[in-house]
Amino acid sequence: MPQESYTEKVSVNVNTSTLSEIDLLVDNGYYSNRSDFINQAIREALGRHRGTIEGITRRQEERTERGGWFIGVSGFTAKEIAQMHAEGEQLSVTGYGVLHIDPACDREQLYAVLESIRVRGKVIAPADVKAHYGLR
Numbered sequence: 003m004p005q006e007s008y009t010e011k012v013s014v015n016v017n018t019s020t021l022s023e024i025d026l027l028v029d030n031g032y033y034s035n036r037s038d039f040i041n042q043a044i045r046e047a048l049g050r051h052r053g054t055i056e057g058i059t060r061r062q063e064e065r066t067e068r069g070g071w072f073i074g075v076s077g078f079t080a081k082e083i084a085q086m087h088a089e090g091e092q093l094s095v096t097g098y099g100v101l102h103i104d105p106a107c108d109r110e111q112l113y114a115v116l117e118s119i120r121v122r123g124k125v126i127a128p129a130d131v132k133a134h135y136g137l138r
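Start counting the sequence shown at 3; every next residue gets the next number (the numbering used here).
This is how it looks when you write it as structure tokens:
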């Protein structure tokens, strides 16, 4: 996969008193900046929901064919697509995170293997591949 940033910028509305408390912690060295505080708070909240996330992931994986569901970073190389095509595999890919499709993939094989792509996040692929699947 390419050496590309797998981060996204999000906007958050925070009331003034909450932001003041965050700034107080930042100014007193508890966090390096507001983003550091927010990232830590998000990690802690996700940690509290770890069991729920794992349960949802497990159920999704049980319902989905090999490689058809993901969370995090996933992708397909030209070699993987060629092998799946040779084996007659077909996938509908659904996921949360980043999906990378190798630009060297043979388009005919790729379109035969991947029936559809639904990703909540980012798809890194050539423009013609994105257009084929109706992706931005």
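Where a beta carbon is used, it is the ideal one built from N, C-alpha and C, also for glycine.
Keep in mind that this is a model prediction, so the values were computed, not measured.
Using CA coordinates, which residue listed in R138, F78 and H102 is at the minimum distance from Q111? Each of R138, F78 and H102 was checked against the Cα of Q111, and the nearest Cα belongs to F78.
>> Contact between the region 102-120 and the region 79-94 is defined here as three or more beta-carbon pairs at a separation below 8 Å; is this criterion met?
In response: Yes, since at least three Cβ pairs between the region 102-120 and the region 79-94 fall closer than 8 Å, the two stretches touch.
Counting only runs that start and end within the region 57-138, where is the alpha helix (DSSP H) found for 4 or more residues in a row?
-> Listed in chain order, the complete alpha helix (DSSP H) runs (minimum 4 residues) inside the region 57-138 are 80-88, 109-115 and 129-135.
**Study point:** Nearest to I40 (by Cα), restricted to the options D130, V14, D29 and G70
**Key:** Among D130, V14, D29 and G70, the Cα nearest to that of I40 is on V14.
For Y98 and R122, believed in contact at Cβ under 8 Å, the rounded distance: Correct: roughly 5 Å between the Cβ atoms.
Checklist line | Proximity below 9 Å, CB of D108 to CB of H87 | finding: In this structure, H87 lies closer than 9 Å to D108 by Cβ.
Requested in this report: Quick one: residues in its chain with C-beta nearer than 8 Å to the C-beta of T20, no 5 flanking neighbours on either side, listed in chain order?
Outcome: Excluding five sequence positions before and after T20, none of the CB atoms of its chain fall closer than 8 Å to its own CB.
- So, using beta-carbon positions, are S94 and R65 closer together than 9 Å? Contact: no.
What residue from G90, I55 and S22 has the CA that sits closest to I73's CA?
With respect to the C-alpha of I73, the residue from G90, I55 and S22 having the closest C-alpha is I55.
Determine the DSSP secondary structure at E46, reduced to helix, strand or coil. In the three-state scheme derived from DSSP, where H, G and I count as helix and E and B as strand, E46 is classed as helix.
Point to revise | Closest Cα partner of V125 within the set Y135, H102 and V131 | key: Shortest Cα-Cα distance from V125 to any of Y135, H102 and V131 involves H102.
Helix, strand or coil for S13, going by three-state DSSP, please let me know.
Correct three-state label for S13: coil.
Q: Just the C-alpha distance for S22 and H51, rounded to the nearest angstrom, thanks.
A: For S22 and H51, the distance between alpha carbons rounds to 27 Å.
Q.
Could you tell me the alpha carbon to alpha carbon distance between L48 and G70, rounded to whole angstroms?
A. Answer to the nearest angstrom: the Cα atoms are 24 Å apart.
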